[in-house]
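> Numbering (the numbering used here), first residue to last: 1 to 173. Glycine included, each C-beta is placed from N, C-alpha and C at the ideal position. Sending over a structure as structure tokens; questions will come in a sec.
Right under this line is the structure:
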């Protein structure tokens with residue numbers, strides 16, 4: 001599956017710790033300031049919600065919950081992801097996205113920093129709308145130079161579970 005100009009967000013508006021409003025504000029800012037934003041699509045997985053108009057004819061399209069097969073397909077074809085969590089919980093969506101070769105924007109929190117787990121994870125210390133929009137612009141520019149990102153082939157092919165990969169990364173196995 002070829003990577004598309006597609007942004008995948010972990011969208012759960014009813015769960016405050018996932019910062020859905022902040023993600024939407026960042027995407028609105030990015031859509032207005034980034035010259036090529038109209039070439040991108042934005043999909044939201046996690047919880048069904050109304051589609052959200054961004055500008056330039058762009059919208060966040062809500063997909064709600066997806067089957068495992070659809071989730072894997074969407075991650076395989078997405079180039080950029082955004083998944084925030086204001087909690088020390090490790091936050092699994094960024095790990096899954098990174099394993100599928102998605103360059104994912106997430107945030108640090110207290111002792112949590114997923115940035116060292118994978119080169120596909122960009123873990124922001126400051127994650128206001130402008131910070132996220134600027135990072136998104138940099139990743140979109142990188143996509144234009146080189147559209148393929150590295151994924152963990154063994155995970156994608158079903159050879160290993162995410163838990164096994166995380167333990168390997170932490171040197172526990």
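In terms of residue numbering, what span does the beta strand (DSSP E) encompassing residue 75 cover?
Looking at the DSSP string, residue 75 is not in any beta strand (DSSP E); the run it does join, the alpha helix (DSSP H), is 68-77.
> Helix or strand or just coil, what does DSSP make of residue 84?
coil
> Run through the DSSP bridge pairs and tell me what residue 42 is partnered with.
7, 60
> If you draw a straight line from the C-alpha of residue 114 to the C-alpha of residue 3, how long is it?
Annotation: residue 114 to residue 3 spans about 23 angstroms, alpha carbon to alpha carbon.
> Note down, in chain order, each residue of its chain lying with its Cβ closer than 8 angstroms to the Cβ of residue 65, except the 5 sequence neighbours on either side.
A distance below 8 angstroms between beta-carbons, with the five flanking residues on each side excluded, links residue 65 to the following residues of its chain, in chain order: 45, 46, 47, 48.
> Can you have a look at residue 109 and say buried or exposed, based on whether 16 or more other CB atoms are within 10 angstroms of its CB?
Buried is the call here.
> Taking 6 angstroms as the limit between beta carbons, can you name the residues of its chain near residue 9, skipping five residues before and five after?
23, 44, 82
> Within 10 Å of its beta-carbon, does residue 27 have 16 or more other beta-carbons around it, so buried, or fewer, so exposed?
buried
> List the whole-angstrom C-beta distance separating residue 17 from residue 86, where the pair is believed to meet the contact cut-off of C-beta under 8 angstroms.
About 5 angstroms separates the CB atoms of residue 17 and residue 86; that is less than 8 angstroms, so the two are in contact.
> Going by Cα to Cα distance, which pick from 118, 119, 112 is closest to residue 125?
112
> Could you tell me the alpha carbon to alpha carbon distance between residue 107 and residue 136, rounded to whole angstroms?
Spanning the alpha carbons of residue 107 and residue 136 requires a straight line of approximately 13 angstroms.
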